[in-house]
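Okay, so here's the structure we're looking at.
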Amino acid sequence: MTDNNSSASENTNSNESASEKEQREHKEAMQTTQKVVRDKIKAAKEKRGVVIYLWGNGKGKSSSGFGTLLRAVGHGQRAAIIQFIKGTWKTGEEAFFRDHPSVEHHIMGTGFTWDSQDKQKDIAAAQEVWLKAEQCLASEDINLVLMDEITYMFDYGYLSLETCIAAIKNRPLKQNVILTGRSPIAELIELADTVSEIREVKHAFHAGVKAQKGIEF
Ligand code: ATP
Ligand code: MG
């Protein structure tokens with residue numbers, strides 16, 4: 069007798085071994101996933117820049133920001149890095165991107181705020197670097213703007229959140245923006261298209277491992 073429904077017969081094949089069954093079920097699950105993913109890809113038609121907000125107390129925010137920047141620059145795009153807290157260490161990312169022809173690099177002119185303890189000096193430094201950020205956010209030539217550790221500026225009241233949000237909203241349509249920092253700022257969560265909380269599960273520092281070159285800075 070001819071079988072007109074081969075997939076049904078496949079599903080009910082009593083001669084099927086355990087490994088064949090496992091393979092068939094895996095294939096069916098993958099086909100379902102493939103269809104869901106393909107449908108989602110088809111549905112996503114809008115072409116515009118996005119705002120990515122990475123916050124939380126775990127390790128991985130700035131390194132993700134710089135990793136994405138590397139990706140953009142690798143495709144020949146232009147990028148800007150605005151670092152709102154300047155560490156006392158020379159970072160590898162600064163050394164790498166400092167003289168890169170496709171990357172503008174602006175670093176706040178004071179050290180860690182809890183080291184400098186001079187509020188007026190910090191406010192002036194924050195506002196000075198913010199002017200650079202504003203120029204980058206207004207530039208059609210810059211594809212990606214990374215504003216690293218910006219949330220501290222709002223936590224300490226050094227920058228106006230409203231001014232920053234307005235500049236992001238008015239940026240060129242195709243420009244992407246990445247914001248990082250520890251704090252979950254409700255207005256930034258609302259503004260951003262992609263938001264990830266980087267939550268600490270473990271950190272080597274708590275086991276007494278010293279911060280190291282190439283990993284922490
Ligand atoms: P990274 O730059 O490594 O991606 P990050 O941007 O997520 O880290 P920050 O909050 O900017 O983290 O902290 C800067 C430094 O503090 C990094 O060197 C990082 O390894 C370290 N760090 C991050 N999370 C923790 C933590 N939970 N405990 C101790 N140190 C941490
Ligand atoms: Mg960081």
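Residue 69 is where the sequence shown starts when you use this note's numbering, and the numbers rise one by one after that. Backbone N, C-alpha and C fix where the C-beta goes; we use that ideal spot for every residue, glycine too. All values derive from a computational prediction rather than experimental measurement.
Check, Outcome
"Cβ-based burial, residue 129 [other Cβ within 10 Å; buried from 16]", "buried"
"Residue 265, enclosing beta strand (DSSP E) - first and last residue", "262-265"
"Alpha-carbon spacing of residue 106 relative to residue 112, whole angstroms", "10 Å"
"Residue 133 and residue 248 closer than 8 Å at C-beta", "yes"
"Residue 94 in three-state terms, based on DSSP", "helix"
"Closer than 7 Å: residue 127 CB and nearest the ligand ATP heavy atom", "yes"
"Alpha-carbon to alpha-carbon, residue 207 and residue 240", "7 Å"
"Among 166, 153, 237 and 223, the one whose alpha carbon lies nearest that of residue 196", "153"
"Residue 101: CB within 7 Å of a non-hydrogen atom of the ligand ATP", "no"
"Under 8 Å between C-beta atoms of residue 233 and residue 255", "yes"
"Stretch-stretch touch, CB-based, cutoff 8 Å, three pairs: the segment 88-95 with the segment 220-228", "no"
"Residue interval of the beta strand (DSSP E) (run including residue 121)", "119-123"
"contact_flag[the segment 133-145, the segment 267-282] where n(CB pairs < 8 Å) is 3 or more", "no"
"As assigned by DSSP and simplified to three states, the class of residue 215", "strand"
"Coil, strand or helix - residue 174 by DSSP", "strand"
"Straight-line Cα distance separating residue 119 from residue 172", "19 Å"
"Chain C contact for residue 232 (CB, 8 Å cutoff)", "As a matter of chain content, chain C is missing from the structure shown, which is built from one protein chain."
"Residue 268: CB within 7 Å of a non-hydrogen atom of the ligand MG", "no"
"Within 8 Å, strictly: CB atoms of residue 151 and residue 212", "no"
"Opening and closing residue of the alpha helix (DSSP H) in which residue 235 lies", "229-237"
"Spatial distance of residue 72 from residue 86 (CA atoms)", "Here residue 72 scores only 46 on pLDDT, less than 50, and its place in the model is too uncertain to base an answer on."
"Near the ligand ATP: residue 279 beta-carbon under 7 Å from a heavy atom", "yes"
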